[in-house]
């Protein structure tokens with residue numbers, strides 16, 4: 759079983775009761791927060807090493823480190839094939855901090871994107887800009903809206919307001 763499969767199984771095993779589930783995620787999120795505090799405080803754009811060594815460096819169990827890799831995978835320059843990573847494999851992460859911040863907003867991982875350590879990495883203005891772009895990406899715009907004076911889409915040749923839009 760690969761480390762990724764072990765991580766997924768760890769998640770599945772925590773779904774017994776709601777209390778167990780919450781306890782698992784609270785524990786994981788607390789540990790994940792410590793990893794990010796360390797990375798951001800050191801402005802550590804690049805992480806390289808053997809999975810087991812990196813897990814020990816960040817005080818994580820190997821499965822929890824795999825969870826960290828799963829979470830950060832979309833925020834690095836070259837994503838890893840998580841299913842193929844083993845405990846003794848080397849990983850090389852080059853973090854795109856702007857993308858990481860954006861992805862944290864999308865989760866939403868407020869325990870991570872509100873860390874004061876971000877001040878050393880991205881300015882307040884830059885974080886606001888990223889948040890604004892994220893919020894814009896969630897807005898749905900219906901570009902196919904028919905104007906009341908446009909021809910009716912039913913093909914009658916009448917104006918929309920005199921045809922299908924009359925009831926509205």
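Residue numbers (our numbering): 759 to 926.
Heads up, the beta-carbon is just placed ideally off N, CA and C, and yes, glycines get one too.
Report yes if the CB atom of residue i is closer than 7 Å to the CB atom of residue j, and no otherwise.
i: residue 789; j: residue 822; result: yes
i: residue 878; j: residue 801; result: yes
i: residue 839; j: residue 809; result: no
i: residue 859; j: residue 834; result: no
Would you call residue i buried or exposed, if buried means 16 or more other Cβ atoms sit within 10 Å of its Cβ?
i: residue 783; result: exposed
i: residue 861; result: buried
i: residue 885; result: buried
In whole angstroms, what separates the C-alpha of residue i from that of residue j?
i: residue 904; j: residue 925; result: 14 Å
i: residue 803; j: residue 876; result: 13 Å
i: residue 771; j: residue 818; result: 18 Å
i: residue 852; j: residue 814; result: 19 Å
i: residue 773; j: residue 829; result: 19 Å
i: residue 776; j: residue 794; result: 27 Å
i: residue 768; j: residue 857; result: 27 Å
In chain order, what residues of the same chain lie with their CB nearer than 7 Å to the CB of residue i, ignoring the 5 residues before and after it?
i: residue 787; result: 869
i: residue 798; result: 873, 875, 876, 878, 879
Residues in the same chain with beta-carbon distance under 6 Å from residue i, minus the five sequence neighbours each way, listed in chain order, please.
i: residue 892; result: 860, 863
i: residue 760; result: 841
Check: Enumerated in chain order, which unbroken segments of the alpha helix (DSSP H) with a length of 4 residues or greater are wholly contained in the region 823-866?
Finding: 855-864
- Task: Identify every run of the beta strand (DSSP E) within the region 869-899, keeping only runs that are complete inside it and at least 3 residues long; order them along the chain.
- Result: Segments of the beta strand (DSSP E) lying fully in the region 869-899: there are none.
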